Amino acid sequence: MSLDRDEFNNFRPISNLAFLSKTLEKIVASQLDTYLTNHQLYAKMQSAYRIHHSTETALLRVVNDVMRGIDDQQECVLVLLDLSSAFDTIDHDILLDRLCNRYGLSGVVLDWLKSYLCDRPQRVVVDNVSSRPCFASCGVPQGSVLGPLLFSLYIAPLEDVIMSHGIDAMMYADDSQLYIFLNRNNCIIATEKLEACIDDIMNWITCNMVMGNPSKTEVIHFYSRYMKPDCPLQIDEQCNTHGTCKLKVDEERQCVEIKCDCFIGYSGDKCEVEETDCNQNSDCKNDGICDCSKQCTCASGFKGVFCYEREHQSYINFPRIHFAGRFQADPSTINNYPDNFDTDNFPGQSKGWNPNGSATWRLVDTRITRVCYANEVCTSLETDDALNNKLLEDGNFGASAKLVDFDVDFQASSQIYGWSMQVKDFFKGDFQRVGFQYLWSKMKVNVHSLAIYGAAYQSVLTNVQFGSRSGASPITKHLEEYLNHSDKKELSIRFNVDMYDSFGTSANFTYGRIVGSIGISGHDSPPYFTFGRMLKPNNNPSNFWFSPFIYDYEKKTLLLDLGNSLAIKEDGNIVKSIGNLVLANTDETSDTIGCPDTWNPFGHIYFSDLENYALTAGIFKIDVGEEDLRKSRVILAQIDDNGRCTKVVLAEDKQGVDIHPSTRWVLRSIYKPAKPVIVHLFMTLYGKYPEQIGSVTIKVNPPLPEESIKETSPGVFELKPTIDDPKHARLFIDGQVYFFHYYLDGRTNDSDVNSAIVILVWDKFEVPTQPNWIRHVKPIFQQYANLYPVMKINFLDLSNYYEVVENKYALIKTMSLDEEDPSYMPVTRDLSPGKVQMILKWLMDDNPRYGFSNLGIGEYTLKYFLQTALQLEHSTIPPYLTGYLSIKKGYNTQVKSILKDILIDEMHHLAQVSNILNAIDGNPNLFAPHFVPSYPSYLPGGVHPDIKITVNKISMLQIRNVYMVLETPSKELEENGLIKAVDKIVKDTLKQVSVSETSTETDACDDVLALYNDAVKKNEDIRTNHNTFGQLYTAILIVMAKLECDGKLEFKGTKPQLEVRGEGGKEVSTVYDFGTAVQAIKNIMKEGEGSSPCNPLDESSGLSHYYKFASIANKRHLKTIKSKVSSRI
52 MSLDRDEFNN FRPISNLAFL SKTLEKIVAS QLDTYLTNHQ LYAKMQSAYR
102 IHHSTETALL RVVNDVMRGI DDQQECVLVL LDLSSAFDTI DHDILLDRLC
152 NRYGLSGVVL DWLKSYLCDR PQRVVVDNVS SRPCFASCGV PQGSVLGPLL
202 FSLYIAPLED VIMSHGIDAM MYADDSQLYI FLNRNNCIIA TEKLEACIDD
252 IMNWITCNMV MGNPSKTEVI HFYSRYMKPD CPLQIDEQCN THGTCKLKVD
302 EERQCVEIKC DCFIGYSGDK CEVEETDCNQ NSDCKNDGIC DCSKQCTCAS
352 GFKGVFCYER EHQSYINFPR IHFAGRFQAD PSTINNYPDN FDTDNFPGQS
402 KGWNPNGSAT WRLVDTRITR VCYANEVCTS LETDDALNNK LLEDGNFGAS
452 AKLVDFDVDF QASSQIYGWS MQVKDFFKGD FQRVGFQYLW SKMKVNVHSL
502 AIYGAAYQSV LTNVQFGSRS GASPITKHLE EYLNHSDKKE LSIRFNVDMY
552 DSFGTSANFT YGRIVGSIGI SGHDSPPYFT FGRMLKPNNN PSNFWFSPFI
602 YDYEKKTLLL DLGNSLAIKE DGNIVKSIGN LVLANTDETS DTIGCPDTWN
652 PFGHIYFSDL ENYALTAGIF KIDVGEEDLR KSRVILAQID DNGRCTKVVL
702 AEDKQGVDIH PSTRWVLRSI YKPAKPVIVH LFMTLYGKYP EQIGSVTIKV
752 NPPLPEESIK ETSPGVFELK PTIDDPKHAR LFIDGQVYFF HYYLDGRTND
802 SDVNSAIVIL VWDKFEVPTQ PNWIRHVKPI FQQYANLYPV MKINFLDLSN
852 YYEVVENKYA LIKTMSLDEE DPSYMPVTRD LSPGKVQMIL KWLMDDNPRY
902 GFSNLGIGEY TLKYFLQTAL QLEHSTIPPY LTGYLSIKKG YNTQVKSILK
952 DILIDEMHHL AQVSNILNAI DGNPNLFAPH FVPSYPSYLP GGVHPDIKIT
1002 VNKISMLQIR NVYMVLETPS KELEENGLIK AVDKIVKDTL KQVSVSETST
1052 ETDACDDVLA LYNDAVKKNE DIRTNHNTFG QLYTAILIVM AKLECDGKLE
1102 FKGTKPQLEV RGEGGKEVST VYDFGTAVQA IKNIMKEGEG SSPCNPLDES
1152 SGLSHYYKFA SIANKRHLKT IKSKVSSRI
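Taking the numbering used here, the leading residue of the sequence shown gets 52, the next gets one more, and so forth.
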């Protein structure tokens, strides 16, 4: 060993335990574990000595929480506490008292544990010399089976101490990890809270005879390299929020020098002096002029006291950063098809090209390709700017961003949730979710696949942070200085996606190309479009698409974005037939135009320039010269080798009109007439707002009332779309999608998706008082389990009640997150707030309710049971048939005959259950999900929940462990009086027909109600695990009888039924009323599992299946004979 043998503290007592003692301990530990698990008595923070818990789960929890905190711009202080010789210092009296009062152990159990702990002799052996034995007064045996479990129970109250302070924690045995998150607003309070918690822990340790281990206690401070050292609260206030607190810190991150770097317009040591006066023109930035009143008169397009900020600026302006590379999008495609939402008939016709998609969105090998400075000089050399050629990558510390389709009925706008991007050590920002726009067939190939499509995303980066090397790059240094002096801390971003590979056999499967630009977001710039002008396809050109541009009259320049506007070949290069292009202006006012008679081009774009897409991002600066384009229509045309126009491919609107939503254009909403959805539209004329209200009018299709469209300021419109209650119009898909197309009054509505507002309105939903699994939660989770199998593959089966409950704390956490968080569940974000609230309410119960214990039952319940029985009967056939076929011809003929009879019986049972379902207008579904089990498999309906059924050749082991288990008799029918009650109801029903009575006698129905309530009370729901086939059929009879008593059972099915007449009572009978249905169930049970575990005979004096198999296993014949007194033996 590496420990010093001369140091006594390094020695530990080890118990010398006998094999029989350990075996007995293992039995006790197993029973104790079951008790603690079933009653949820384990400490939630303890990850040691528990099934499905380990050092890995503890580590993952802590690491994930720390990373998520850092991702939320917080610092984390982690305290690692260790107990010294923890197992040896446990006080027996305290432990026994805790086992009694905290865990409810008493009587013989507590006495046994007391005997186990107390009066254990111990001695010390050194060089074969032994000390006299003495009795241990404390500690649990080291090396024992029960010792670790008892230790974890002993220190469990430590969790209560930690939780009382609101501190996050995780424990593994005697190691505790406490952590708390800090920001500039709570650092003092949080630190005091942590200190108070540690003080209370030390007090608890002392009172409970445990010792701390200072030598192994550590404190770790986690923070991001992008987070500047924050001033303490009282220091930060010195800058009065009008400046940046610049710190010089020592190695321990303590402030040793403080200085306020004031924003423009403020001065003084604490930025307390508001400066609004200029003294000279140089004080006014961007060509502003200091007038005689000492106020800056800003040049056109600039705002702010000192004209520092552009009014409208975006990714297309200087300065900007270009990037190019690849992305991976891994959507699940099962939800692309509406019929897959129908859980009763899942799967539908297709699961799509990527059914196991995880919805992940991430950047792959994407790099900065060029930077363009404010002086309009661009470079792609690393020697000029350290940012060039650096990786642009995902900045998420935890889960990857998610790509989510808006709705199955509108897939033309996928949105990216929870995406953060960064260039390490330079800058980082959070992408604000938005749906892509301007989708078109960009790749000109004959093969139809997703690779042909191109689209563009435009949004802003928020929470922008700059890293330790931001000063090494002139572009990031400029952006940091700009944002420090701006009220708007955002960057504008637009990127184009194309060449997406959806072929499953391809090496590039789920990968595509991404090219884009990042710039400053101006003071009044809308986040999701460029405040400027738009070139639109003219006369349906196949190789050209929408192209935004801005015109700067003062600089006589035009910035044009062709990134998503030009057709490409399969290799991603521009289609050669596009050739050379030219920009021109025209006075033509027709909707579509040809080449102008008077040709006056002002800017050429040569094909060779178009081929540098990764460098230019498709953005071109055009010198306009003396042309005044302020109210002139701009066109883009193809030209021949002589410079003559051959075709106008893109043209501005004939009136220079451009309309865009300033809010997101795809929205989700709850139906609330009193609180309508509000959407804002911006309309410009040649890149400027109209001069006055009312100069233009916007219309919407479908038409809205006049009061629903209001122009709040020139060119700014407020829309309140009229939305109807969906009223479950799509049945198994929540809500309805509504489209609202906006257009200029007097124009034709072309229903273009690029001029639409799309709103998903959820169905009205009332959160039930006591939600349960069967009626409320499972239909939702089953649908998600079907649509997103990756959950089952990697995490849990959402359709399985027990897995859901086992993981309920993780589900509560993910479903309580902000919708923008990448870990939010469901990943599709299409679950209405009411249903999310309902599921959380259900999960937060100590024991989430399974089913109908607080509800009435209906025919749906009975049909569910019968479908389960159908699946159950079918699941027995493969094991029996395999055994039958494994017997060689001519061998074991008697055994083979028995198996054949049983096989025929099971097939009859299958048909009989189908007849009952048909009789009550049900639908026997042999193609339901998981109807055919994959062996080895658990049985449907929770029958024999602890046993997996295998398919093997016949053997004594297979007969005893599978066949006889399947056919274990049930005692319920004989002992609980159910058969007597239902027989009386059948008799009373027949009596009603003859004497026209209106109801059955109450005593039989009272008995049924009592049996139903008893079943519910025992199982919390009548649909929980059934130990045998007989118990399942007992539940079916109870439900059937209760429905009959309640007058809710109707036999009006018209589907044909199977009828088989056999020998010895082996038959399949038609079902047409309650009596024949009851008799059918009784026949199945008594022919199959038998109604009594004591009597091996069924009503026809034949052996039930269990005893037939038992006769094979015991190699003895059981025969029935008639005695002289007609009794059966």
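Glycine included, each C-beta is placed from N, C-alpha and C at the ideal position.
Given the structure is predicted, the values throughout are model-derived calculations rather than measurements.
Asked: Buried versus exposed, by CB contacts within 10 Å (16 or more), Gln400; Found: exposed
Asked: Endpoints, the alpha helix (DSSP H) within which Lys843 is located; Found: 841-845
Asked: For Cys282, three-class secondary structure by DSSP; Found: Here the model assigns Cys282 a pLDDT of 44, short of 50, so the residue's position is not dependable, and the following value carries that caveat. Of the three classes helix, strand and coil, the one that applies to Cys282 here is coil, per DSSP.
Asked: Whole-angstrom distance between Lys73 and Trp163, CA atom to CA atom; Found: 15 Å
Asked: Contacts around His1168, its chain only, beta-carbon distance under 7 Å, and the 5 residues preceding and following it disregarded; Found: Ser1162
Asked: Limits of the alpha helix (DSSP H) - the one that Leu891 falls within; Found: 884-894
Asked: Cβ-based neighbour list, Leu811, same chain, cut-off 6 Å, excluding 5 preceding and 5 following; Found: Asp458, Arg719, Gly786, Val788
Asked: For Glu258, the three-state DSSP class (helix, strand or coil); Found: Looking at the sequence provided, one finds Cys at residue 258 rather than Glu. Cys258: helix per DSSP, three-state reduction.
Asked: Closest by C-alpha distance to Met1007, when choosing among Lys1035, Tyr986, Asp972, Asn943; Found: Asn943
Asked: Status (buried if at least 16 other CB within 10 Å, exposed otherwise) for Thr1079; Found: buried
Asked: Gly480 - containing beta strand (DSSP E), residue span; Found: 478-482
Asked: Beta carbon of Asn851 nearer than 8 Å to that of Thr394; Found: no
Asked: Enclosing alpha helix (DSSP H) for Cys696 [first to last residue]; Found: Segment 696-703 is the beta strand (DSSP E) holding Cys696; no alpha helix (DSSP H) there.
Asked: Val1046 versus Ser965: straight-line alpha-carbon distance, rounded; Found: Caution is warranted here: a pLDDT of 41 is assigned to Val1046, below 50, making its placement in the model unreliable, and the coordinate value is therefore given only provisionally. Roughly 32 Å separates the two Cα atoms.
Asked: CA nearest to the CA of Thr912, picked from Ala1092, Gly505, Ile998, Asp775; Found: Ala1092
Asked: Contacts around His269, its chain only, beta-carbon distance under 8 Å, and the 5 residues preceding and following it disregarded; Found: A quick correction: the sequence has Glu, not His, at residue 269. Taken in chain order, the residues that qualify are Val130, Leu131.
Asked: Close beta carbons around Pro727, own chain, < 6 Å, minus the five adjacent residues each side; Found: Lys771
Asked: Inter-residue Cα distance where the pair is Lys345 and Cys322; Found: 20 Å
Asked: The segment 453-470 touching the segment 422-429, judged by at least three CB pairs closer than 8 Å; Found: no
Asked: Segments assigned beta strand (DSSP E), at least 3 residues, entirely inside the segment 770-855; Found: 787-795, 807-813
Asked: Assigned exposure category for Asn447 - 16 Cβ within 10 Å defines buried; Found: buried
Asked: Alpha-carbon spacing of Leu512 relative to Leu701, whole angstroms; Found: 30 Å
Asked: Identified DSSP bridge partners for Ser720; Found: Val812
Asked: Supposed contact pair Asn636 and Val685 - C-beta distance, whole angstroms, cut 8 Å; Found: 5 Å
Asked: Buried/exposed call for His827, threshold 16 Cβ in 10 Å; Found: buried
Asked: Proximity below 8 Å, CB of Val415 to CB of Leu443; Found: no
Asked: C-beta atoms of Ile831 and Lys778 nearer than 8 Å; Found: no
Asked: Identified DSSP bridge partners for Val751; Found: Tyr793
Asked: Where the alpha helix (DSSP H) containing Arg119 begins and where it ends; Found: 106-122
Asked: Length of the line joining the Cα atoms of Lys540 and Lys354; Found: 15 Å
Asked: Close-in-space but distant-in-sequence residues of the same chain around Ser867 (CB under 8 Å, 5 per side omitted); Found: Leu891
Asked: Phe580, buried or exposed, once every other Cβ within 10 Å from all chains shown has been counted against 16; Found: buried
Asked: Exposed unless 16 or more other CB atoms sit within 10 angstroms - verdict on Cys1096; Found: buried
Asked: CB of Asn615 within 8 Å of CB of Ala437, strictly; Found: no
Asked: Beta-carbon separation (whole angstroms), Ser628 vs Asp612, contact threshold 8 Å; Found: The pair is not a contact, with the Cβ atoms about 21 Å apart (cut-off 8 Å).
Asked: DSSP three-state assignment for Leu432, whether helix, strand or coil; Found: coil
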